[in-house]
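Visitor:
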Amino acid sequence: MTRNTNLFSGEIFALKDKYDDTQVSLSDEQINEKYKKGEIRIVTEQARYPLDSIETMLDSKKYILNPEYQRRKRWDDTRKSRLIESFLMNVPIPPIFLYEVDYSIYEVMDGQQRLTAIFDFYKGKFNLKGLEYWGELNGRNYQNLPEQVKKGIDRRYLSSIVLLQETAKSEEEAERLKQIVFERLNSGGEKLTRQETRNALHNGKFNQLCIKLAQNDSFRKMWKIPMESEGEEKLLESESYRKMEDVELVLRFFAYRHIDKLKSPVDKFLDDYLKQANGYDDETIKNLANLFNETINLIYYIFGDEAFIRPKQERDSKTPLKTIYDPIMQVFANNILYKESFVKNRESIRSNLYSNKQLLYIKEENNRSLFDGRYNNKKDVEARIKYFHDFLQDYI
15 MTRNTNLFSG EIFALKDKYD DTQVSLSDEQ INEKYKKGEI RIVTEQARYP LDSIETMLDS
75 KKYILNPEYQ RRKRWDDTRK SRLIESFLMN VPIPPIFLYE VDYSIYEVMD GQQRLTAIFD
135 FYKGKFNLKG LEYWGELNGR NYQNLPEQVK KGIDRRYLSS IVLLQETAKS EEEAERLKQI
195 VFERLNSGGE KLTRQETRNA LHNGKFNQLC IKLAQNDSFR KMWKIPMESE GEEKLLESES
255 YRKMEDVELV LRFFAYRHID KLKSPVDKFL DDYLKQANGY DDETIKNLAN LFNETINLIY
315 YIFGDEAFIR PKQERDSKTP LKTIYDPIMQ VFANNILYKE SFVKNRESIR SNLYSNKQLL
375 YIKEENNRSL FDGRYNNKKD VEARIKYFHD FLQDYI
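In terms of the numbering used here, the sequence shown is residues 15 to 410.
In structure tokens form, the structure reads like this:
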């Protein structure tokens with residue numbers, strides 16, 4: 015497929031042709047010299063915080079619960095309660111990790127949920143529930159615990175490892191080292207999704223744009239994601255929301271505008287695009303935001319909340335699919351100038367989109383479905399784009 019001619023002037027994406035994974039050969043003497051220079055050496059210190067001091071710490075605003083590292087998997091009251099029970103039993107708790115961004119100002123890299131749970135407990139924001147060994151305390155908050163139990167909890171500590179400011183010589187180096195630490199910290203335990211990792215490591219203005227656009231009402235209706243107005247608890251019931259899959263879908267729309275550069279694996283393609291898109295100027299970002307909103311709202315107006323669902327004659331026709339979302343979004347975006355014609359012919363477009371059943375299957379490949387999610391290489395995506403592009407020509 016040729017380059018998309020509908021790109022904005024500032025919408026540049028230059029994909030590296032080759033990634034150099036070769037190992038540099040050094041002698042033992044050179045390796046020793048590299049170690050002495052401390053080219054990559056993180057300076058840390060350890061600290062211990064009494065639990066009853068954490069409320070004051072967080073109120074001071076010197077500890078930044080940074081949204082760049084924040085996941086959407088918030089702890090519920092049961093999980094918070096189990097943490098408090100662990101302190102009651104003196105069970106060892108893993109240390110939190112802080113990064114000193116300025117003198118006595120710390121960014122929380124790992125441990126936000128633990129800090130928030132302790133903070134909420136001392137503020138009386140939840141009652142203990144689901145305790146396994148201290149069931150007698152279920153239903154109580156900090157304020158109405160027996161005095162001796164209160165004193166016992168107050169004497170417990172939360173350990174921390176602080177990455178000191180002198181670790182990095184520049185802001186760029188600081189970002190690189192934080193990325194290294196973050197990736198290592200999250201290599202075990204509950205694995206982050208690729209988009210959660212992007213959100214933490216590449217949280218520039220374009221990533222923030224994707225988060226904002228994922229709140230579009232039409233988008234959420236078509237992907238079966240609750241609205242902001244339904245509250246956080248309802249939102250967190252959605253796996254797509256919890257895992258930031260909604261944000262990745264928005265990112266895919268923008269990255270696939272450069273379909274001529276698509277390479278496997280797609281995750282790497284999206285990583286590379288986001289890193290470069292974070293450098294787009296404000297005008298380009300504004301133009302792209304308007305294009306996304308206009309496109310998604312137009313598609314919702316024409317097809318309703320079933321826009322990305324498999325053609326009715328095929329199995330599993332209730333789940334929205336990326337194999338439809340990706341191409342149909344590209345084609346409508348590239349033809350957005352014909353919006354009035356599409357609106358005028360809304361009923362015909364909706365009724366006839368999948369009427370030519372022969373085109374929905376690929377004869378050369380055992381008559382498989384054009385929208386089979388197991389096939390997602392560049393050729394497959396281009397074939398789907400061509401299907402929708404050819405269909406819309408009758409309405410232009």
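Even for Gly, the Cβ is constructed at its ideal location relative to N, Cα and C.
Small disclaimer: the values here were computed from a predicted structure and weren't measured.
1. At what residues does the beta strand (DSSP E) containing residue 62 begin and finish?
2. Note down, in chain order, each residue of its chain lying with its Cβ closer than 6 Å to the Cβ of residue 212, except the 5 sequence neighbours on either side.
3. So, do the stretch 288-301 and the stretch 209-224 have three or more beta carbon pairs nearer to each other than 8 Å?
4. Provide the residue span of the alpha helix (DSSP H) that contains residue 314, from first to last.
5. Alpha carbons only, please: which of 248, 224, 278, 270 is nearest the one belonging to residue 259?
6. In terms of DSSP beta bridges, what is residue 279 paired with?
7. Go ahead and label residue 103 buried or exposed: buried means 16 or more other beta carbons lie within 10 angstroms of its beta carbon, across all protein chains shown.
8. Spatial neighbours of residue 136 within its chain, please: C-beta separation below 6 Å, excluding the five flanking residues on both sides.
9. Around the Cβ of residue 125, are there at least 16 other Cβ atoms within 10 angstroms (buried) or fewer (exposed)?
10. Following the continuous beta strand (DSSP E) through residue 368, name the residue where it begins and the one where it ends.
11. Could you please give the first and the last residue of the uninterrupted beta strand (DSSP E) stretch that includes residue 123?
12. Determine the direct distance from the alpha carbon of residue 128 to that of residue 164, and round the result to whole angstroms.
13. Taking Cβ to Cβ, would you say residue 25 is nearer than 8 Å to residue 302?
14. By Cβ distance below 7 Å, which residues in the same chain neighbour residue 346 in space, the five residues on each side in sequence not counted?
15. Assuming the contact rule is C-beta atoms closer than 8 Å, residue 199 and residue 130 should be a hit. Round their C-beta distance to whole Å, please.
16. Between residue 180 and residue 57, is the Cβ-Cβ spacing less than 8 Å?
17. With a 10 Å radius around its C-beta and 16 neighbouring C-beta atoms as the bar for buried, classify residue 118 as buried or exposed.
18. With a CB to CB cut of under 8 Å and the five nearest residues on each side skipped, what residues in its chain are close to residue 270?
19. With 16 other CB atoms within 10 Å as the buried threshold, where does residue 147 fall?
20. In chain order, what residues of the same chain lie with their CB nearer than 8 Å to the CB of residue 35, ignoring the 5 residues before and after it?
21. Go through the stretch 125-187 residue by residue and report every complete run of the beta strand (DSSP E) that reaches 3 residues or more, in order.
22. Using 10 angstroms around the beta-carbon of residue 45, count the other beta-carbons present and answer buried if the total reaches 16, otherwise exposed.
23. Please classify residue 115: does DSSP put it in a helix, a strand, or coil?
24. Taking the CB atoms as reference points, tell me whether residue 143 and residue 92 lie closer together than 8 Å.
25. With a 10 Å radius around its C-beta and 16 neighbouring C-beta atoms as the bar for buried, classify residue 348 as buried or exposed.
26. If you compare alpha carbons, which of 108, 76, 101, 186 is closest to residue 120?
Guide: Considering the structure as presented:
1. On the sequence shown, position 48 is the one that residue 62 refers to. Segment 58-64, the beta strand (DSSP E) holding residue 62.
2. The sequence position of residue 212 within the sequence shown is 198, counting from 1. Taking residue 212 as the centre and dropping the five residues before and after it, the same chain places the C-beta of 288 closer than 6 Å to its C-beta, in chain order.
3. Touching, yes.
4. Along the sequence shown, read from residue 1 onward, the residue named residue 314 stands at position 300. It spans 296-317 - the alpha helix (DSSP H) in which residue 314 sits, taken as one unbroken run.
5. Sequence index remark: in the sequence shown, residue 259 carries index 245 (1-based). If we check each option's Cα against that of residue 259, 224 comes out closest.
6. Along the sequence shown, read from residue 1 onward, the residue named residue 279 stands at position 265. In the DSSP output, where bridge partners are listed per residue, residue 279 has none listed.
7. Here residue 103 refers to the residue found at position 89 of the sequence shown. By the 16-neighbour rule on beta-carbons within 10 angstroms, residue 103 is exposed.
8. Numbered from 1 along the sequence shown, position 122 holds the residue referred to as residue 136. Cβ within range, chain order: 69, 156.
9. Counted from its first residue, the sequence shown places residue 125 at position 111. Label assigned to residue 125: buried.
10. Locating residue 368 in the sequence shown gives position 354, counting from the first residue. Per DSSP, residue 368 belongs to no beta strand (DSSP E) and is neither H nor E.
11. On the sequence shown, residue 123 is found 109 positions in, with the first residue counted as 1. From DSSP, the beta strand (DSSP E) with residue 123 extends over 119-124.
12. Translated into the one-based positions of the sequence shown, residue 164 becomes position 150. Translated into the one-based positions of the sequence shown, residue 128 becomes position 114. Approximately 18 Å between the Cα atoms of the pair.
13. Sequence index remark: in the sequence shown, residue 25 carries index 11 (1-based). Sequence index remark: in the sequence shown, residue 302 carries index 288 (1-based). Yes, they are a contact pair.
14. On the sequence shown, position 332 is the one that residue 346 refers to. Only 309, 312, 313 meet the Cβ criterion.
15. For the purposes of this step, residue 199 is identified with residue 185 of the sequence shown, where counting begins at 1. For the purposes of this step, residue 130 is identified with residue 116 of the sequence shown, where counting begins at 1. Rounded, the Cβ-Cβ distance is 17 Å, inconsistent with contact.
16. Taking the sequence shown and counting its residues from 1, one reaches residue 180 at position 166. Taking the sequence shown and counting its residues from 1, one reaches residue 57 at position 43. For the pair residue 180 and residue 57, the CB atoms are nearer than the 8 Å cut-off.
17. Within the sequence shown, numbered from 1, the residue matching residue 118 stands at position 104. Result: exposed.
18. Mapped onto the sequence shown, residue 270 falls at position 256. Its chain contains 276, 340, 343, 344, 395 as the residues whose beta carbon lies nearer than 8 Å to that of residue 270, once the 5 sequence neighbours on both sides are disregarded; these appear in chain order.
19. Sequence index remark: in the sequence shown, residue 147 carries index 133 (1-based). That one is exposed.
20. As a position in the sequence shown, residue 35 is number 21, starting the count at 1. For residue 35, the predicted model reports a pLDDT of 48, less than 50, meaning its position is unreliable and no value from the coordinates is stated.
21. Positions of the beta strand (DSSP E) runs, each at least 3 residues long and wholly inside the stretch 125-187, are given as 171-177 in order along the chain.
22. In the sequence shown, the residue the question calls residue 45 occupies position 31. A residue is called buried once 16 or more other Cβ atoms fall within 10 Å of its Cβ, and residue 45, having fewer, is exposed.
23. Here residue 115 corresponds to residue number 101 of the sequence shown, with the count starting at 1. Reduced to three states, the DSSP call for residue 115 is strand.
24. Working through the sequence shown from its first residue, we reach residue 143 at position 129. Working through the sequence shown from its first residue, we reach residue 92 at position 78. A contact, by the Cβ cut-off of 8 Å.
25. Locating residue 348 in the sequence shown gives position 334, counting from the first residue. Residue 348 is classed as buried because its beta carbon has at least 16 other beta carbons within 10 Å across all chains shown.
26. Translated into the one-based positions of the sequence shown, residue 120 becomes position 106. Measuring C-alpha to C-alpha distances from residue 120 to each of 108, 76, 101, 186 identifies 76 as the nearest.
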